[in-house]
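Residue numbers (this note's numbering): 1 to 391.
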């Protein structure tokens with residue numbers, strides 16, 4: 001889930017606990033350059049206030065991991081090695097990959113409209129499924145309202161605890177979004193909306209007769225051997241080991257353990273998956289290197305549109321179909337997708353050839369926008385340095 005409101009920005013948010021120690025002792029200059037660089041940047045992210053940080057970088061030459069902070073503020077246990085993670089909106093890349101496989105099989109076209117596949121579902125308040133294509137959904141150019149503002153209208157601890165166990169069916173979430181007028185005519189602008197991928201999951205089930213979860217398992221997880229990645233739906237508990245997540249809902253309020261997620265969102269095709277950094281790197285590397293899609297479908301997935309400066313992404317970021325392209329300071333760029341929910345942010349990225357992959361997870365978020373900006377900068381620097389560095 002990626003939030004665009006000030007009190008829940010898409011940037012990594014943090015706690016004011018910068019004094020937390022590094023669990024994996026900071027690498028010294030005597031270590032290899034890349035090991036030292038990754039650990040230094042993980043510690044820098046921790047020093048901005050994130051309670052727990054984990055990094056896994058894989059290159060043709062080596063695998064580098066780093067951990068910093070603690071895995072739990074009460075027990076002070078270490079951040080676990082290759083712990084279970086909530087993938088949040090990174091789920092969207094799995095869903096888009098399944099959709100592109102179906103495109104390659106001629107079972108659906110990117111230019112088909114939502115109305116043709118899901119008659120009558122997108123309508124009301126000026127919404128018109130006849131004008132929105134599958135491509136618009138996958139690329140966030142549909143203009144559809146984001147349902148998350150209906151299921152969490154009040155940024156408070158009380159709302160979290162009162163509603164975190166409630167679950168909605170996909171159709172119910174779409175109905176909530178249909179109460180609002182579209183932000184713009186389909187295809188004319190870009191705006192992130194989780195409603196797009198709720199619909200994408202519904203379309204996959206409609207055209208295949210099987211749920212998007214089943215399709216992800218059969219088409220991606222099983223062939224790649226991703227044994228620690230799952231589609232748990234509304235099941236709220238992460239497999240052990242995992243790092244605890246902490247959310248500050250309003251500035252100056254206390255930090256809340258939000259390891260139990262907020263079920264009204266992130267329970268479907270827009271953000272429900274769980275996994276590990278090892279599995280996530282394997283997936284993005286396989287996708288970028290052409291192991292999951294034919295050349296035409298992979299190229300279509302990487303056909304991008306600009307992301308606005310206020311879209312919560314680095315300057316120059318462009319959005320494809322379930323894949324963002326972000327420029328690198330050393331030239332070129334990387335493909336990837338982020339995910340976030342209450343108390344966590346995850347970023348997965350790969351070079352365009354799939355040879356260097358990285359997953360970074362940060363396990364606390366604050367409501368202070370200045371803290372958010374510092375942490376976002378630290379996170380972006382970590383990924384940029386890791387993918388640019390050759391030694």
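Cβ atoms here follow ideal geometry from the backbone N, Cα and C, with glycine treated the same way.
* **Touching by the beta-carbon criterion (3+ pairs, under 8 Å), the region 125-141 and the region 104-116** => Yes: at least three Cβ pairs fall under 8 Å.
* Asked: Candidates 382, 361, 95, 89: which alpha carbon is nearest residue 242's?
  -> Against the chain shown, residue 242 aligns to sequence position 242. Of the candidates 382, 361, 95, 89, the one whose C-alpha sits nearest the C-alpha of residue 242 is 361.
* Which residues bound the beta strand (DSSP E) around residue 340? -> One-based indexing of the chain shown puts residue 340 at position 340. Per DSSP, residue 340 belongs to the beta strand (DSSP E) from 333-341.
* So residue 333 and residue 325 are in contact, right, with Cβ under 8 Å, and what is the actual spacing, rounded? -> Reading the chain shown from its first residue, position 333 is the one you call residue 333. Reading the chain shown from its first residue, position 325 is the one you call residue 325. The Cβ separation is near 5 Å, so the contact holds.
* Can you tell me the Cα-Cα spacing of residue 79 and residue 164, whole angstroms? -> Along the chain shown, read from residue 1 onward, the residue named residue 79 stands at position 79. Along the chain shown, read from residue 1 onward, the residue named residue 164 stands at position 164. About 25 Å.
* **Residue from 268, 238, 39, 384 with nearest C-alpha to residue 201** => By 1-based counting over the chain shown, the position of residue 201 is 201. Nearest to residue 201 by alpha-carbon distance, out of 268, 238, 39, 384, is 268.
* Could you give the C-beta distance for residue 286 and residue 224, rounded to a whole number, given that I count them as a contact under 8 Å? -> Residue numbering aside, residue 286 sits at position 286 when the chain shown is read from its first letter. Residue numbering aside, residue 224 sits at position 224 when the chain shown is read from its first letter. About 6 Å separates the beta carbons of residue 286 and residue 224, which is inside the 8 Å limit, making them a contact pair.
* Relative to the ligand ADP, is the shortest distance from any of its heavy atoms to the C-beta of residue 126 smaller than 7 Å? -> Among the components modelled here there is no ligand, and therefore nothing to report on the ligand ADP.
* Given residue 124, which residues of its chain have a CB within under 8 Å of its CB, disregarding the five upstream and five downstream residues? -> Stepping through the chain shown from its first residue, residue 124 is reached at position 124. Result list for residue 124: 178, 179, in chain order.
* For the alpha helix (DSSP H) containing residue 301, list its first residue and its last residue. => For the purposes of this step, residue 301 is identified with residue 301 of the chain shown, where counting begins at 1. It spans 295-301 - the alpha helix (DSSP H) in which residue 301 sits, taken as one unbroken run.
* **Cβ-based neighbour list, residue 304, same chain, cut-off 7 Å, excluding 5 preceding and 5 following** => Numbered from 1 along the chain shown, position 304 holds the residue referred to as residue 304. Excluding sequence neighbours, residue 304 sits near 318, 319, 320, 325.
* Asked: Helix, strand or coil for residue 153 per DSSP?
  -> By one-based count along the chain shown, residue 153 stands at place 153. It is coil, neither helix nor strand.
* **Rounded C-alpha distance that separates residue 240 from residue 274** => In the chain shown, residue 240 corresponds to position 240, counting from 1. In the chain shown, residue 274 corresponds to position 274, counting from 1. Taking the straight line joining both Cα atoms gives about 12 Å.
* To do: For the alpha helix (DSSP H) containing residue 386, list its first residue and its last residue.
  => What you label residue 386 is simply residue 386 of the chain shown in a count that begins at 1. Where residue 386 is concerned, the enclosing alpha helix (DSSP H) stretches over 369-388.
* Three-pair Cβ contact test at 8 Å for the region 191-208 versus the region 138-147 -> With a cut-off of 8 Å, the region 138-147 and the region 191-208 count as touching, because enough Cβ pairs lie within range.
* Tell me which same chain residues have a C-beta within less than 8 Å of the C-beta of residue 309, skipping the five on either side of it? -> By 1-based counting over the chain shown, the position of residue 309 is 309. Excluding positions up to five away in sequence, the list reads 315.
* To do: Might you give, ordered along the chain, the residues of its own chain that have their beta carbon closer than 6 Å to the beta carbon of residue 278, omitting 5 neighbours on each side?
  => Against the chain shown, residue 278 aligns to sequence position 278. Excluding sequence neighbours, residue 278 sits near 82.
* Backbone secondary structure at residue 279 - three-state DSSP -> Sequence index remark: in the chain shown, residue 279 carries index 279 (1-based). Note: residue 279 maps to helix in three-state DSSP.
* Is there contact here, the region 60-75 with the region 224-239, by at least three beta-carbon pairs under 8 Å? -> Taking 8 Å as the limit for Cβ pairs, the verdict is that the region 224-239 does not touch the region 60-75.
* Ranges of the beta strand (DSSP E) found wholly within the region 22-92, counting only runs of at least 3 -> If we require 3 residues or more, the beta strand (DSSP E) runs fully inside the region 22-92 come out as 52-58, 63-69.
* Asked: Going straight from the alpha carbon of residue 67 to that of residue 282, what length do you get?
  -> As a position in the chain shown, residue 67 is number 67, starting the count at 1. As a position in the chain shown, residue 282 is number 282, starting the count at 1. Distance between the alpha carbons of residue 67 and residue 282 is about 20 Å.
* Asked: How would you write the range of the alpha helix (DSSP H) that residue 202 sits in, first residue to last?
  -> As a working mapping, residue 202 is identified with position 202 in the chain shown. Unbroken alpha helix (DSSP H) run through residue 202: 195-208.
* Asked: Does the region 197-213 come within contact of the region 256-264, defined as at least 3 CB pairs closer than 8 Å?
  -> A contact is defined here as three or more CB-CB pairs under 8 Å, and the region 197-213 fails this definition with respect to the region 256-264.
* Asked: Given that a residue counts as buried once 16 or more other Cβ atoms are within 10 Å of its Cβ, and exposed if not, what is residue 306?
  -> As a working mapping, residue 306 is identified with position 306 in the chain shown. In summary, residue 306 is exposed, with fewer than 16 beta-carbon neighbours lying within 10 Å of its beta-carbon over all protein chains present.
* Terminal residues of the continuous alpha helix (DSSP H) containing residue 177? -> Locating residue 177 in the chain shown gives position 177, counting from the first residue. Judged by DSSP secondary structure, residue 177 falls within the alpha helix (DSSP H) whose first and last residues are 170-177.
* Cross-strand partners of residue 365 (DSSP beta bridge) -> Here residue 365 refers to the residue found at position 365 of the chain shown. 247, per the DSSP bridge assignment.
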